[in-house]
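Right, one structure below, let's go through it.
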Amino acid sequence: MPAGFPQMSQGNGSQSHGPPGTDGSSRQCARLKKVQIGLGAVAPVHHKKRVSKGVADRHEQMPKSKIPSISNKTAMASLQEFRLIYSSFKFLFQDQPTYRPDDYEALWVFRNRYSVKNYDGRRLVGRVPGVKVGDVFDSDAELHLTGLHRSQDSHVDYIVSKQEGRTKTYQAVSVVSAYGQHSHDDSNNLDHLLLHVGSVAGQLGGIEELALKQTSTSVRVIYRFVADHQAGGSQELTTCYVYAGLYLVERKDHGVDTFQLTRVPGQPRIDIQELTKERIAQPSSNGTFMADMSSGLEQFPVSAINLVSNEHPTSFLYISRIRYHHDPSDRPDPPSGCDCVGRCSESQDCACAVKNGGRIPFGDHGGIIEEKPLLYECGPSCKCPSTCHNRASQHRIKFRLQVFKTELMGWGVRSLDFIPGGSFVCEYLGELLDNEDAQKRENDEYLFVTGDNYFDVPRWEESRKTIPSLQNRRGGDEAKVFAVDALECGNLARFINHSCNPNLFTQNVLYDHQDIRMPHIMLFACGDIRPLQPLSLDYNYSIGKVHDSQGNIKKKKCFCRSSGCKGRLY
Ligand SMILES: C[S@@+](CC[C@H](N)C(=O)[O-])C[C@H]1O[C@@H](n2cnc3c(N)ncnc32)[C@H](O)[C@@H]1O
1 MPAGFPQMSQ
11 GNGSQSHGPP
21 GTDGSSRQCA
31 RLKKVQIGLG
41 AVAPVHHKKR
51 VSKGVADRHE
61 QMPKSKIPSI
71 SNKTAMASLQ
81 EFRLIYSSFK
91 FLFQDQPTYR
101 PDDYEALWVF
111 RNRYSVKNYD
121 GRRLVGRVPG
131 VKVGDVFDSD
141 AELHLTGLHR
151 SQDSHVDYIV
161 SKQEGRTKTY
171 QAVSVVSAYG
181 QHSHDDSNNL
191 DHLLLHVGSV
201 AGQLGGIEEL
211 ALKQTSTSVR
221 VIYRFVADHQ
231 AGGSQELTTC
241 YVYAGLYLVE
251 RKDHGVDTFQ
261 LTRVPGQPRI
271 DIQELTKERI
281 AQPSSNGTFM
291 ADMSSGLEQF
301 PVSAINLVSN
311 EHPTSFLYIS
321 RIRYHHDPSD
331 RPDPPSGCDC
341 VGRCSESQDC
351 ACAVKNGGRI
361 PFGDHGGIIE
371 EKPLLYECGP
381 SCKCPSTCHN
391 RASQHRIKFR
401 LQVFKTELMG
411 WGVRSLDFIP
421 GGSFVCEYLG
431 ELLDNEDAQK
441 RENDEYLFVT
451 GDNYFDVPRW
461 EESRKTIPSL
471 QNRRGGDEAK
481 VFAVDALECG
491 NLARFINHSC
501 NPNLFTQNVL
511 YDHQDIRMPH
521 IMLFACGDIR
531 PLQPLSLDYN
541 YSIGKVHDSQ
551 GNIKKKKCFC
561 RSSGCKGRLY
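Quick note on the UniProt record's numbering: the sequence shown kicks off at 1 and runs consecutively.
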């Protein structure tokens, strides 16, 4: 291991984490296209999509266990992200007067590209966690997103609360009412709201009216208010929605069907007009959003979102393959391949299985079976197809990963999708440097040592014996050590932060060459990773052994906040 720069490196055995049933090692922590600051490529949305399909159309209640279930985080955090993305969309389309994404198109894009999957379209009854009385919304798409009011067609939203045979009982859950249209004692008194069926439910068909009649619990009331205001020298109309709180429904017969909604006492008093005025005066929230920092190099867009400040990620070159810095004559030769025509098998017939000690290290679904000092995947000279299960980590990312700004650790990475334990997540990419060049780098925050650890990790002792290429060698045999520097060029892996209890581990992998001094640094999931959990690695710094150029010990506080945090990064 080269001395002098505090490179991230693979575990020395002090940590134990890995795919289920194994003890993974972590490695710590690498440039061709300059990352564009701003939006990146966002394909226009051509089709109008309705948001509530399937489950939502059945008007089912959200199970209690799922609350709060809006994207697994609070409704308002989701809303903040949506607003930021929508304002970026508007900016993107500002030069196209004939095309403007509407709120629901933006919501559809948000959900499919930049929000967690399995959005639960079911209805909440009562209070929506995270939403306060007096919160103001810009569109009915926002009401949908937060779960305040999910119906896109009707001012009264409901659930089927009971079904016996063909007989259904309904319950209203939310009502959107035009402010000022119905009787209020005075403009600030929101205690009572009169809904005439002809003005609200009648135009919708009978179910909404039935739902109001059959409701025994409180419903959410949202006022729609159209404000007339000055904008850029001209008069404009802006529609806002204000959540007024919970109301009890009572039927009043005055010849025409009328419902009286009475505000549940004890809720804060609000002034709809004042709140709307404030929202119009301060329309945009803080933050930055970049739709795809990979500029199309990855299979999915790699978005970058900052809800903490107005800062963009500093620029670097996004690459999708390792970059060789050193002399081309020193580059490794491609390996010989296996002759398997169909599926590679665990037999002497598959040369790649033999290199792995007679095993294919990946399961049928591509998950790593066991962490080892070194794995051989099939490569360019192999006759097997690109779908061979022994090529798990050489393809591009399979999950929608997002770079996000953290409170204390700069930028980090999270997944919008569920990642099953053992899955390949991404490669740590950058410039491959030899020790000499690595020592010259002033900023070592993105340096990751590679190929030096086969003999350092005690728990690998047994599995090391099964790998032919590691036989008849000892630690320290290699004259030259290499590091990957992602400072100026790299991929999203350069943003993965350290944790003392990480959810990713690193795995040495060879497939396009056989030089064990410079394996690819592949990152796999230690266990199942839920959407929006920050991805983390153990950087494996030795505390008290990291020095600056003058030889002084460097100290850095660790902010991983995990159980068992050592308190210091180095
Ligand atoms: C490879 S970079 C990770 C991405 C970085 N957060 C960024 O914004 O570019 C490593 C640097 O991130 C910060 N970092 C990562 N994990 C940390 C942790 N657990 N505590 C404090 N700082 C951390 C440190 O500044 C470290 O030198």
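Just so it is clear, CB atoms sit at the ideal spot from N, CA and C, and this is done for glycine as well.
Note that the segment 137-150 touches the segment 241-253; at least 3 beta-carbon pairs, one per stretch, sit closer than 8 Å. Annotation: the continuous beta strand (DSSP E) that includes D157 extends over 156-164. For the pair of segments examined, the segment 275-291 was found to touch the segment 303-311: the number of CB pairs separated by less than 8 Å reaches three. Remark: the shortest separation between the CB of L193 and any heavy atom of ligand 1 does not fall under 7 Å.
As the crow flies, the alpha-carbon of K556 is around 36 Å from that of R331. DSSP places A75 in the helix class (H, G or I) of the three-state scheme. Of the candidates E311, G206, R473, N491, G206 places its Cα closest to the Cα of H155. With a cutoff of 8 Å on beta-carbon distance, C565 and C489 are scored as not near each other.
The Cβ atoms of S423 and A493 do not sit closer than 8 Å to each other. The secondary-structure analysis by DSSP pairs G490 across a beta bridge with Y318. Ranked by how close their Cα comes to the Cα of A77, the residues S542, V128, P420 have V128 in first place. As a beta-bridge residue in DSSP terms, S303 pairs with Q402. Counting only residues of its own chain and dropping the five nearest sequence neighbours on each side, S381 has a CB closer than 8 Å to the CB of P334, P335, S336, G337.
Taking C-beta separations shorter than 8 Å and ignoring five residues to either side along the sequence, the partners of R568 in its chain run I543, K555, K556, K557, C558, following chain order. In the displayed model, K383 falls within coil according to three-state DSSP, outside both helix and strand. Setting aside the 5 residues that flank it on each side, G147 is surrounded in the same chain by I70, A75, L124, V128, each with a C-beta closer than 7 Å to its C-beta; the list follows chain order.
For T258, the three-state secondary structure derived from DSSP is strand.
Annotated three-state conformation of F455 is coil, per DSSP. Only buried fits T276, as 16 or more other CB atoms lie within 10 angstroms of its CB.
Residue range 272-281 is occupied by the alpha helix (DSSP H) that includes Q273.
Listed in chain order, the alpha helix (DSSP H) elements of length 4 or more contained wholly in the segment 323-369 are 351-355. Here A483 carries a strand assignment [DSSP, helix/strand/coil].
Within its own chain, the residues whose Cβ lies closer than 8 Å to the Cβ of M518, once the five positions on either side in sequence are excluded, are P332, L432, T450, G451, F482, listed in chain order. If you look at K168, you'll find it in the beta strand (DSSP E) that goes 167-178. Not one heavy atom of ligand 1 is found less than 7 Å from the C-beta of S295. DSSP, read as helix, strand or coil, puts P534 in strand.
The beta carbons of M409 and N503 sit no closer together than 8 Å. Where S115 is concerned, there is no enclosing alpha helix (DSSP H), because DSSP gives it neither an H nor an E. Runs of the beta strand (DSSP E) spanning 3 or more residues and lying entirely within the segment 213-253 occur at 219-231, in chain order. Using a cutoff of 7 Å, the CB of C558 counts as near ligand 1, since one of the ligand's heavy atoms is closer than that. The C-beta distance from V175 to R224 rounds to 11 Å, too long to meet the 8 Å contact threshold. Remark: C-beta atoms of Q61 and I159 approach each other more closely than 8 Å. S415 sits in a strand when the DSSP states are folded into three classes. Judged by their CB atoms, I419 and D528 are nearer to each other than the 8 Å cut-off. Secondary structure of V109 (DSSP, three-state): helix. Proximity of the beta carbon of G412 to ligand 1 is indicated: a heavy atom of the ligand is located closer than 7 Å.
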